Each structure stands twice: as structure tokens, then as C-alpha cells.
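Chemist: Each protein sequence line maps, in turn, to chains A and B. The opening position of the first sequence corresponds to residue 1 in the working numbering, with each subsequent residue numbered one higher. The opening position of the second sequence corresponds to residue 1001 in the working numbering, with each subsequent residue numbered one higher. Have a look at this one before I ask anything.
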Amino acid sequence: MKIDKKTIEYIANLSRIKLSDQEKEVFIHQLSDILSYIEKLNKLNTEDVKPMAYAVSESNVFRGDTLEPSISIEDVQLNAPAAMGVFFKVPKVIE
Amino acid sequence: MEYEVVIGLETHAELATITKLFCGCSTQFGAEPNTQVCPVCLGMPGVLPVMNKKAFEYALKAAVALNCEINRFTNFDRKSYYYPDLPKNYQISQNYYNLGINGCMNIDLNGNRKTIRIHNVHLEEEAGKLIHPEETGADYSLVDFNRAGVPLLEIVSYPDMRTVDEVDSYMQTLRKILLYTEVSDCKMQEGSLRFEASISLRKKGIDKLGNRVEIKNLNSMKSVIKAIEYEAIRQSALLDKGETIDRETRLWDEVNGKSARMRSKEESQDYRYFPEPDLLPVLIDEKWLSAIKNSIPELPLARKQRFVEAFKLSDYDASILTEEKVLADSFEECVKIMDRPKAFSNWITNDLLREVKDRKLDINSLQIKPKQLALLVEIVEKGTISSTIAKEVFSEMVQTGKDPQKIIEEKGLTQISDEGLIEAVIDKIIASNPSVIEDYKKGKKNALAFLVGQVMKETKGKANPKMVNELLKGKVGI
């Protein structure tokens, strides 16, 4: 599968990554190569193989509905790029 | 041109667990912002979500109550999008193997039934809450993540509704089912129950669906109805002019009673769903499923029908009684004690609900007990007190939680059935109303009612009215 410039721009936008034209060129080739490599799988007959999403065969792992302490507001805001009082502060969201 | 309005609803209900879906933070509403958060629900790198079993079972219960086929293999998927209320930049939701599919719910329209199909029921996590500052020109928004990670049930209907009455009935019925099954508190004012509508129009008699418009920001059931009415008019005006309807998302503006298009940039979504690698799938076996099925109580519509048939109640009374589970439960308890369904239904639907409304009482923590109401009905039947006095006693029971006999004793309300006593009062009334007696003798029949009223007044309503009537008639000579 060939990746074109438009696809690279679309993916970059979805991922919120800014790319220069030079970088776009690089990724067009790299992603095309990766996809071609993966396409080798198409040669296999997978007719009777169920899709698999999990590497382990376990299932049904739960926790009880029991309260655990939350963390302090100081710790909450340690990783916040911006805060205002008890809130996280973000660029204006227009609705 | 005449059009048919085609409506589908998406419903979100926060589940009634005490902790979040993937961590042990509290779900309590109204806490100080960002105090009910931890690395898991803040989406810190390297944390591992672990599913709350109760939340999963609540979702399963709702799916069963909505007659869904249950996917015996179910899993969770990442839904990727960027929005500041979503700490991980993806929401853990379900997409490929929803918990429940192909369900249905019956709604009642003035006694007629209609079945609305449910496309799917699935479990996901809530986002945080964005606060937009009121000051003009503010260039920021604020985020409270207390709500992030609260378990959220999504119920997607098919576009099977055609009128706002059907939509109203769908919302009411769904709310009742979620309350009856106790999976959500359904408090719309706290956002724990929310609706989104999608509306399209098509010419009458045509099968193909028109382009649908989604409406968001509907904060009450009333807003849902108003927004749908507005949208139907907007679309029909466009179609009449020969224009086409854009497939879009619009935001409802409650203050101005209008909707406006959301920015198209935010609409074009590519969620890139893929199985959530941090969570394992859930397999639902027969034993678990039947335990969940057995935990589901009789649902409101079925219960209403049974009340009509078994207790010969009117459709109206039965629907009021089954509106709130606690009322229906109390009613049944009363009937078990004493076989007087009509009397209990009257007390509950008229007197009790009036007291609740007038005194702004919480229906779930009423002081009056079914046993006491049964006692009151028995006392009235015996003739110890008149039905007018009974109302007074009842009001006191609701306010204090006291037994009826106690109130009657304390207030000296016992009915007077002593013939001698009543006669004495009647003599007094006759003596002081000669002109009324004259009128009565001249054939003015309602003069008698006046005299009965005077006797009742004199005895503060305690005289046995039947005896008063008979004795009076004897005295004035019929």
C-alpha cells in the first residue's frame, strides 16, 4: 500500500503533530515500507482463524466497588501545564 | 408538504457505583473540584485500569432489562479524540463487542403500546467537566476531572420514534427502568441522565431516511422535546424551499430556544477504535447471566398492567402508583396486609402525593409505613372516625410517623356514635334554627343538608354522619 502526502498530513493532524515538508517525505517512505511489510500477512490463509486482540488468554479481571484515597490537590497539579485555583487551566474551548 | 419526523435517542446514564470505573476514586457529586482524582483517572503514563465489577454488572443488568442479546464475549475499545475534558486523549468505551445488542423497550401512549428497538447498550467512562469563565474576553477554560472515569452507560435507540409524545414516553419509561433496576439515580439536574436526539425528515410514504441532524446540549427532558420541535420546523422549512439537509451536529441553546451548528472541524471525527490493551475481555457465562436476570425486579410497565388486572385499578391510578418504585412497593405491602386495593390506591395517589408535594418531602424517606396506612383504613371502616377526620389523621401520620390510634387518642377525634349525645346536639341545632325548619317543611330539601352540617360543626366533625342524617330526619318529621 502506498501512502501519499495527503494521508501523512491527515494522520499528523489526528495525532496533533506538526511536520515539515522534508519530514513528510521521510514518513511517506517509512510508513509505506512498514505497510508493505505487514501486507505479507495477506499471503496467509486466515479463513478459519478468529481475530485475536489479546496476547494472554485470561479474562474477567475485576476490582470491587471499594473506595480508595484520592491524591492531594498539590500532587494533582504537579503535571498540570497550567492551573487556576483547584482547576486545570486550558486554552479556551469554543462551543 | 407533509413530512414524517424520524427520531432516535442516545442516552447516557451514570451508574450508581460509589467508585469510578477503573479506579477507587469516589463518584460523589458536588465535591471540591479535582479532589476525587488519582493517576489512573488523570491518565498518567504507566497506570493500569482495573474494571469495577459492580459497574459492569449494573450495565449488564440494564442491557438485560432492555431485552438485549448479551454478547457472551465482550471487550473494551479505545476511542481516540482530543478534547481537554479527556485526560488520556482517548476514552475507554465499547465498539466491536457491545455488552448488549438488538434490544427493545415497550412504551405506553395513552394505553397503546409501541415497541422501540434498542441498537446497543454499552459501558464506557465519563469525561471531565469543562467550565467556561463568564468574564468576557477570557482566553481560557477550566477543567474539573472529578467526573472523569465515572462509569457511564450508553443506550442507543433505533430511529423508531415519530412524535414528541413517543420521545417523551421513551425517556420516562427508560428513566423508570433504570431507577427500578437501581443502576442509576437518574438525576438530570446533576447530569447523571442525559439525552441526545437525532432527527431526520422524510416525505410521508417514503421509506428512505433523510439526512439526520444530531442535537446535543439537552439538559432536561423538556429541552429534548423543544429541540426536536424546533428542528422539525427548521428542516421542513428548508425542504419546502427545495434545499437539502446537511448531516451535522447542532447545539441546543436553551435560553434562546434555538439550535446552532457545531463547528464542522469538531464534527469530522475519526475515532480509530481499537481493542483496549490494558483491559482483558469479559466472558459472561450462563450462571452469571441468570443471576443477573434473577436480580431484575418486575419492570414498571408490566407492574402497571398487573395492578390494573389484579387489583382492578384504573389505568391512570396504576401508572401513578408505578411511577416510583417505592410507591408501588408500599401499595403492594398494604394490600398484603388488607385486601382493599382501591382504598390504598386512593390514599397513596391522592392524599400521600399531595402531602409529598405540599411539604416537599422526599418520597424515598417517608415516615408513614404501610402497616400504619392499613390501620387507618381499618379504623375508618369500623366507623371509629369519619373519612373527613381520617384525612386530618393521615396528614398527621405523614408528618410525624405516629400510629393512627395514637393521633386519634391524643386529639380526641373518636367518632361519636352515642345516640343520646347526637340527639342532644340535634335538639340544640333545631331549637336555634326555627326558620330553617320552616323552610324544610315547605319542601326545601337542601335545608336538611344545612342542618347536618351544623351538627357536624358542633361536634367538630366527630359525629357519625349516617346517624346524624337518620336522627335528624326522624326529628323534623319524615
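We put the CB at the ideal spot given by N, CA and C, even for glycine. Computed from a prediction, not measured in an experiment: that's the story for all the values here.
Which of the three DSSP states, helix, strand or coil, is assigned to residue 1435 of chain B?
Modeler: helix
Chemist: Could you tell me how far apart the beta carbons of residue 1151 of chain B and residue 1053 of chain B are, in whole angstroms, since I believe they sit closer than 8 Å?
Modeler: Actually they do not touch by this definition, with Cβ atoms about 11 Å apart.
Chemist: Here's the rule I'm using: 16 or more other beta-carbon atoms within 10 Å means buried, otherwise exposed. How should residue 1367 of chain B be labelled?
Modeler: exposed
Chemist: What do you get for residue 10 of chain A, buried or exposed, if any count of 16 or more other CB atoms within 10 angstroms of its CB means buried?
Modeler: exposed
Chemist: Would you kindly report the start and end of the unbroken alpha helix (DSSP H) that includes residue 1222 of chain B?
Modeler: 1221-1240
Chemist: Only counting the same chain, and skipping five residues up and downstream in sequence, which positions put a Cβ closer than 7 Å to that of residue 1380 of chain B?
Modeler: 1387, 1390
Chemist: Quick check: the region 1285-1292 of chain B against the region 1087-1098 of chain B, are at least 3 beta-carbon pairs closer than 8 Å?
Modeler: Under the three-pair Cβ rule at 8 Å, the region 1087-1098 of chain B does not count as touching the region 1285-1292 of chain B.
Chemist: Looking at the secondary structure, which residues open and close the beta strand (DSSP E) in which residue 1216 of chain B lies?
Modeler: 1213-1218
Chemist: Which bits of chain B does residue 49 of chain A rub up against, with CB to CB less than 7 Å?
Modeler: Those within 7 Å of residue 49 of chain A in chain B number zero; the least Cβ separation is about 16 Å.
Chemist: Expressed to the nearest angstrom, what Euclidean distance is found between the alpha-carbon atoms of residue 1309 of chain B and residue 1184 of chain B?
Modeler: About 30 Å.
Chemist: If residue 1245 of chain B sits next to residue 1191 of chain B, beta carbons under 8 Å apart, how far is it from one beta carbon to the other, in whole angstroms?
Modeler: The pair is not a contact, with the Cβ atoms about 30 Å apart (cut-off 8 Å).
Chemist: Please specify which runs of the alpha helix (DSSP H), each continuous and at least 4 residues long, are wholly inside the region 1022-1084 of chain B, giving them in chain order.
Modeler: 1053-1065
Chemist: Taking all protein chains shown into account, do 16 or more other C-beta atoms lie within 10 angstroms of the C-beta of residue 24 of chain A, making it buried, or fewer, making it exposed?
Modeler: Burial call: exposed.
Chemist: Tell whether a beta-carbon distance below 9 Å holds between residue 1199 of chain B and residue 1252 of chain B.
Modeler: no
Chemist: Measure from the alpha carbon of residue 1294 of chain B to the alpha carbon of each residue in B/1062, B/1361, B/1008, B/1026, then state which is nearest.
Modeler: B/1062
Chemist: Between residue 1359 of chain B and chain A, is the shortest Cβ-Cβ distance under 9 Å, so that the two count as touching?
Modeler: no
Chemist: Under 9 Å between C-beta atoms, does residue 169 of chain A make it to chain B?
Modeler: Any property of residue 169 of chain A remains undetermined from this structure, which presents chain A solely from 1 to 95.
Chemist: Can you name, in chain order, every residue of its own chain whose Cβ lies under 7 Å from the Cβ of residue 1068 of chain B, other than the five neighbours on each side?
Modeler: Hits under 7 Å: 1100, 1101, 1102, 1103, 1118, 1121.
Chemist: Compare the C-beta of residue 9 of chain A against all C-beta atoms of chain B and say whether one is closer than 9 Å.
Modeler: no
Chemist: Sort out for me which residues DSSP pairs residue 1282 of chain B with in a bridge.
Modeler: B/1074
Chemist: Closer than 7 Å by beta-carbon distance: list the chain B residues that pair up with residue 86 of chain A, in chain order.
Modeler: 1032, 1033, 1034
Chemist: First and last residue of the alpha helix (DSSP H) that includes residue 1147 of chain B?
Modeler: Unbroken run through residue 1147 of chain B: none, as it is neither H nor E.
Chemist: Report back the beta-carbon spacing between residue 1345 of chain B and residue 1331 of chain B to the nearest angstrom; my notes put them in contact at under 8 Å.
Modeler: 7 Å
Chemist: Would you check if the distance between the CB atom of residue 1148 of chain B and the CB atom of residue 1083 of chain B is smaller than 9 Å?
Modeler: no
Chemist: Looking at the unbroken beta strand (DSSP E) that takes in residue 1101 of chain B, where does it start and where does it end?
Modeler: 1100-1109
Chemist: What does residue 1056 of chain B touch in chain A if you count any residue whose Cβ is under 8 Å from its own?
Modeler: 62
Chemist: Quick one: what's got a C-beta closer than 8 Å to residue 1158 of chain B's C-beta in the same chain, skipping five residues either side?
Modeler: 1008, 1116, 1117, 1118, 1119
Chemist: Are the beta-carbon atoms of residue 1094 of chain B and residue 1108 of chain B separated by less than 9 Å?
Modeler: no
Chemist: Below 9 Å on C-beta distance, what does residue 65 of chain A contact in chain B?
Modeler: Near residue 65 of chain A (Cβ distances below 9 Å), the residues of chain B are 1017, 1018, 1019, 1024, 1052, 1053, 1054, 1055.
Chemist: Can you look up residue 37 of chain A in the DSSP assignment and give me helix, strand or coil?
Modeler: helix
Chemist: Kindly identify the DSSP beta-bridge partner or partners of residue 1203 of chain B.
Modeler: B/1003
Chemist: Mind listing the chain A neighbours of residue 1218 of chain B? Cutoff is C-beta to C-beta under 9 Å, in chain order.
Modeler: Result: empty, since nearest Cβ-Cβ is about 14 Å, beyond 9 Å.
Chemist: For my contact list, residue 1416 of chain B and residue 1463 of chain B are in at a C-beta cut-off of 8 Å; report their separation, rounded to the angstrom.
Modeler: 5 Å
Chemist: Here's a check: name, in chain order, each residue in its chain whose Cβ is nearer than 7 Å to the Cβ of residue 1271 of chain B, leaving out the five neighbours to either side.
Modeler: 1079, 1080, 1081
Chemist: Just checking: is the beta-carbon of residue 54 of chain A within a distance shorter than 9 Å of some beta-carbon in chain B?
Modeler: yes
Chemist: In whole angstroms, what is the alpha-carbon distance linking residue 1426 of chain B and residue 1317 of chain B?
Modeler: Their Cα atoms are separated by approximately 40 Å.
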